[in-house]
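According to full-length UniProt numbering, the sequence shown is numbered sequentially starting from 1.
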Amino acid sequence: MSSAPRIAIDIGGTFTDAVLQVDATRYTAKVLTTRNPAEGFMQGIAHLLSQSGVSPADVALITHGTTLATNALIERRGAKTALIVTEGHRDSLEIGYENRFDQYNFDADRRAPLVPRRLRWTVPERVDYRGQILRPLDEASVEGLVERIREAQIESVAVGLLHAYANPAHEQCIRDILQKHLPDIAVSLSSEVCPEIREYERQSTACANAYVQPL
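Rendered as structure tokens:
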């Protein structure tokens, strides 16, 4: 019994590798990873289809993996990212926890946050741990950030408000306002990428997602 053709593609920092499986026959292709990863992706598929004579319409499945996001985080080559947090909590991302990550190394250096302090902005709002709104979001303050984001040439925005895992309404409202005025800016909400208790985990995850999202 024959099986439908399947393609798998791995996009690396230097090369994009592609494999096409047709029954017991395997075809491979290797192309340079392009600045726009989609171009190398399509080139790899084109090479496979040319070798095999398979029609694009006959391909049943395409899967792909990539190290581009991991490389961008390690090498700090991600998008210029801003972070919006609850008023009074601008430095939560930098403070992290009290525990020392390398307690026996007196010369240890902590990596700088993905978002520097000058690009971390606050808005008046407050939600408690049960999801009840104690202070409504000041939408005018969010509107006021639009021009700052534009002037700073921000490419992506992370939003990490207190207790957003219990009630994401304020984060969602911020996204709606930003997308209305800045439709080309990527927005990552902590309540979507890491909906769990403790703001440090949510903020750092949202920042990492925002940092690589435009790539």
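We put the beta carbon where it would ideally sit given N, CA and C, even for glycine. All values derive from a computational prediction rather than experimental measurement.
Following the DSSP letters along the chain, one finds ARG26 inside the beta strand (DSSP E) bounded by residues 25–32.
Per DSSP, reduced to three states, the secondary structure at ASP176 is helical. Annotated three-state conformation of ARG126 is strand, per DSSP. Within the stretch 54–104, complete alpha helix (DSSP H) segments of at least 4 residues are found at 68–75, 92–95, given in chain order.
Under a 10 Å Cβ-count criterion, ASN209 is classified as buried, with 16 or more other Cβ atoms of the shown protein chains found around its own Cβ. Contact annotation, LEU119 with LEU83: C-beta distance approximately 7 Å; criterion of less than 8 Å satisfied.
As DSSP reads the structure, SER156 sits in a beta bridge with THR81, ALA186. Annotation for LEU215: no alpha helix (DSSP H) segment contains it, and DSSP assigns it neither H nor E. Non-local beta-carbon contacts of VAL159 in its own chain, meaning distances under 6 Å to residues more than five positions away in sequence, involve ILE84, GLU171, ILE174, LEU189 in chain order.
Apart from sequence neighbours up to five positions away, the residues of its chain that approach VAL115 with a beta-carbon distance below 6 Å are THR81, LEU83, CYS207, ordered along the chain. Judged by beta-carbon spacing, TYR27 lies beyond the 7 Å limit of LEU61, meaning their Cβ atoms are not closer than that value. The residue from ARG117, PRO136, GLU143 with its alpha-carbon nearest to that of ALA169 is PRO136. Here ALA72 has GLY78, TYR211, VAL212, LEU215 as same chain residues with Cβ atoms under 8 Å from its own Cβ, once five neighbours each way along the sequence are excluded. Assignment of PHE15 by DSSP, reduced to helix, strand and coil, places it in the strand class. Of the candidates TRP121, GLY65, SER204, GLY131, SER204 places its Cα closest to the Cα of PRO113. Annotation for ARG135: no alpha helix (DSSP H) segment contains it, though the beta strand (DSSP E) segment containing it runs 133–135. Here DSSP, grouped into helix, strand and coil, assigns ARG120 to strand. When secondary structure is reduced to three states using DSSP, LEU114 falls in the coil class, being assigned neither helix nor strand. It is roughly 14 Å from the alpha-carbon of GLY44 to the alpha-carbon of VAL59. Listed in chain order, the non-local C-beta contacts of ALA164 below 6 Å within the same chain comprise GLU171, SER190, SER191, local neighbours out to five positions each way being set aside.
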